[in-house]
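Student:
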Amino acid sequence: MKTNIIKISKSLKTLKSDIAEDSAIYNWIADIKKAFLINSNITDWNLVGKAVVLEAQEEDDVHDTLDLVAKTLNISLIKIEMPNLINNFKDWSNNISYVQPAIIYLEPGVWHGEEFKDTSENSQYLEFEKEELIEFRSNLIDLIRNKFREKPLIMVTSVKEFTQLDTSFRCEGLFDRRIEVPKWADEKIFNQFISNIGKEKFSESILTNRTKVAALIRATYPDKRRRLLTEKALKRVAWRENRLIEYHDLLVFATYGTGEFRIPAQTKSERYRHAVHEAGHAVVEHLCSRDKTAPALCSILPSSDMHGVVVPDYDSIGRIGTDLSFLDIKNKISALLAGRAAEHLMLGFEEVSANGASRDLEHASYLAKKIIAENGFYLDKKNNIDLSKNLIVVMGKESSREKRRIDSIARRFLESIYKDTLKILEKNKSYLENVINELIKNNFLLATDLIKIYENQKPKRIVN
């Protein structure tokens with residue numbers, strides 16, 4: 006049987022920098038601490054939860070959280086892995102001290118039930134006979150209800166979704182407390198990233214941008230596997246080129262991935278058109294964003310499936326949130342259409358790329374149809390928004406007649422936004438031209454570069 010026991014003292018106050026005080030995990034720790042301090046009876050321990058389910062998308066987050074909980078409370082953490090969990094049930098259940106406080110973590114597995122979804126990419130789906138699983142579940146239920154009943158022990162397992170746990174476990178007195186594992190705080194994300202690579206390998210562009218770096222890592226690398234691949238790729242760049250790691254290195258890997266490929270050849274005219282296209286996206290995204298934030302990266306470095314890319318500011322994503330307004334959606338569509346509009350303005354309609362805006366148009370069309378079909382907005386024939394004429398939204402599959410109606414309104418909506426986007430670019434043509442020229446010279450521009458270019462225009466006001 007493989008177990009892991011941790012005993013480290015830590016005050017509850019140390020949690021403030023790692024887990025928010027309003028998080029469910031913080032409340033769970035406080036409840037356990039209270040139960041210990043007042044020498045609780047059976048009723049109190051049942052309220053704390055004798056068996057707890059942690060909801061998380063990544064197993065690493067679960068282990069980090071449990072380690073922190075155990076250290077904070079100065080109690081043992083026992084981790085029982087598959088297949089020992091099932092094959093050696095009697096051994097591990099008899100070897101546990103029923104006197105000393107402990108958290109016992111049961112590795113997720115098929116014992117959860119038919120809806121089992123593994124939280125670890127590395128785990129194997131082990132096969133067991135149906136009778137073995139039935140016997141194990143029965144033994145585990147008996148263990149929690151009886152042996153654990155008056156003991157300072159808490160059984161824990163983790164799931165991606167609560168419904169993956171068999172209903173036989175989701176009962177009062179069993180796994181009757183469900184807790185969401187919180188995301189790491191920005192400070193912890195940043196410190197872990199720096200620690201893994203080594204502070205001495207980073208330039209000031211990384212070390213002085215804690216919030217931006219943490220936001221980028223959170224948005225781009227939600228799991229440990231991808232974070233470690235990127236960290237190794239960054240080390241390789243620093244070693245090969247004998248230099249410090251810059252913020253733009255992280256941005257490029259976040260955008261293009263860590264693979265190493267030959268850059269597709271471009272003609273001079275293609276390179277210029279791609280610079281025009283991406284500059285259009287960058288300029289409109291900057292000027293039309295709610296808080297006037299420049300994109301994190303504007304690049305004309307091609308890859309196998311794109312000619313360039315504009316990456317939004319990761320930090321602003323967190324500030325704005327997900328509850329977008331009509332104006333937010335309209336600005337998103339405008340930024341999507343801006344690549345084609347810039348080509349239209351700078352090259353003439355005959356030289357506009359036929360395929361270059363395909364993905365942009367698909368996304369813009371999706372947003373335009375969604376805001377009409379699902380969100381109840383309406384655009385009349387004079388391009389005025391009316392909030393009262395489209396309040397019956399589509400539920401389920403729309404009829405062919407309803408589809409034609411939605412498509413007709415969406416076309417007017419997109420046409421109106423495209424014309425407005427073209428006007429924005431015309432009125433800020435100097436900014437657009439300078440971004441194009443700098444892209445051609447440097448291949449990519451960071452937010453600081455875009456802001457510097459814009460401020461050098463000395464505009465009287467931002468036009469949007």
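Using our numbering, you'd call the opening residue of the sequence shown number 6 and step up by one each time.
Beta carbons: idealized from backbone N, C-alpha and C, even for Gly.
1) Kindly indicate the opening and closing residues of the beta strand (DSSP E) around D181.
2) How many angstroms separate the CA atom of Y423 from the CA atom of A270?
3) Specify the secondary structure class of M400 as computed by DSSP and reduced to three states.
4) Terminal residues of the continuous alpha helix (DSSP H) containing F331?
5) Would the beta-carbon of I85 fall within 8 Å of that of W97?
6) For the segment 172–252, which segments carrying the alpha helix (DSSP H) assignment without a break, of at least 4 residues, lie completely within its bounds, in sequence order?
7) Starting from the C-beta of I338, find all residues in its chain whose C-beta is less than 6 Å away, skip the five residues before and the five after it, and write them out in chain order.
8) Just how far apart, CA to CA, sit H514 and A238?
9) Would you call E192 buried or exposed, if buried means 16 or more other Cβ atoms sit within 10 Å of its Cβ?
10) Mind checking K374: buried by the 16 CB within 10 Å criterion, or exposed?
11) Taking all protein chains shown into account, decide if Y103 is buried (16 or more other Cβ within 10 angstroms of its Cβ) or exposed.
12) Going by C-alpha to C-alpha distance, which of K204, C293, I456, G285 sits closest to A362?
13) Between the C-alpha atoms of A61 and A299, what's the straight-line distance to the nearest angstrom?
14) What does T162 pair with, by DSSP beta-bridge criteria?
15) Could you say which of S173, R223, A347, V315 lies nearest to A56 if we only look at CA atoms?
16) Here's the rule I'm using: 16 or more other beta-carbon atoms within 10 Å means buried, otherwise exposed. How should M5 be labelled?
17) What is the DSSP secondary structure of L455, counted as helix, strand or coil?
18) Suppose you measure from the CA of N486 to the CA of V316; what does that come to, to the nearest Å?
19) Would the segment 201–217 and the segment 147–167 be scored as touching if the rule is three or more Cβ pairs under 8 Å?
20) Helix, strand or coil for Y103? Go by DSSP, reduced to three states.
Tutor: Taking the geometry as given:
1) Within the sequence shown, the letter at position 176 stands for residue 181. Note, D181: beta strand (DSSP E), 180–185.
2) Residue mapping note: residue 423 aligns to position 418 of the sequence shown, counting from 1. Residue mapping note: residue 270 aligns to position 265 of the sequence shown, counting from 1. For Y423 and A270, the distance between alpha carbons rounds to 31 Å.
3) Residue 400 sits at position 395 when you count from the first residue of the sequence shown. Looking at M400 - three-state DSSP - the assignment turns out to be coil, as it is neither helix nor strand.
4) On the sequence shown, residue 331 is found 326 positions in, with the first residue counted as 1. Run containing F331: 331–352, per the alpha helix (DSSP H) assignment.
5) As a working mapping, residue 85 is identified with position 80 in the sequence shown. As a working mapping, residue 97 is identified with position 92 in the sequence shown. For I85 and W97, yes; Cβs fall inside 8 Å.
6) 191–202, 209–212, 215–225, 229–246
7) Along the sequence shown, one-based indexing puts residue 338 at 333. Counting only Cβ-Cβ distances below 6 Å, and skipping sequence neighbours, we find A369, L372, I422.
8) With the chain represented from 6 up to 469, any question about residue 514 goes unanswered, as that position is not in the structure.
9) In the sequence shown, the residue the question calls residue 192 occupies position 187. With fewer than 16 Cβ atoms within 10 Å of its Cβ, E192 is classed as exposed.
10) Taking the first residue of the sequence shown as position 1, residue 374 is located at position 369. Buried.
11) Start at 1 with the first residue of the sequence shown, and residue 103 comes out as number 98. Exposed: under 16 other Cβ atoms inside 10 Å.
12) Taking the sequence shown and counting its residues from 1, the one referred to as residue 362 is at position 357. Looking at the Cα atoms, G285 is the closest of the given residues.
13) For the purposes of this step, residue 61 is taken as the residue at position 56 of the sequence shown. For the purposes of this step, residue 299 is taken as the residue at position 294 of the sequence shown. Spanning the two alpha carbons is a distance of roughly 33 Å.
14) Position 157 of the sequence shown, counting from 1, holds the residue named residue 162. According to DSSP, T162 bridges with V58.
15) As a working note, residue 56 is residue 51 in the sequence shown. For the residues S173, R223, A347, V315, the minimum Cα distance to A56 belongs to S173.
16) Nothing in the structure corresponds to residue 5, since the chain is present only between 6 and 469.
17) In the sequence shown, the residue the question calls residue 455 occupies position 450. Of the three classes helix, strand and coil, the one that applies to L455 here is helix, per DSSP.
18) Since the first residue shown for the chain is 6 and the last is 469, residue 486 is missing from the structure and cannot be characterised.
19) no
20) Numbered from its first residue, the sequence shown carries residue 103 at position 98. Looking at Y103 - three-state DSSP - the assignment turns out to be coil, as it is neither helix nor strand.
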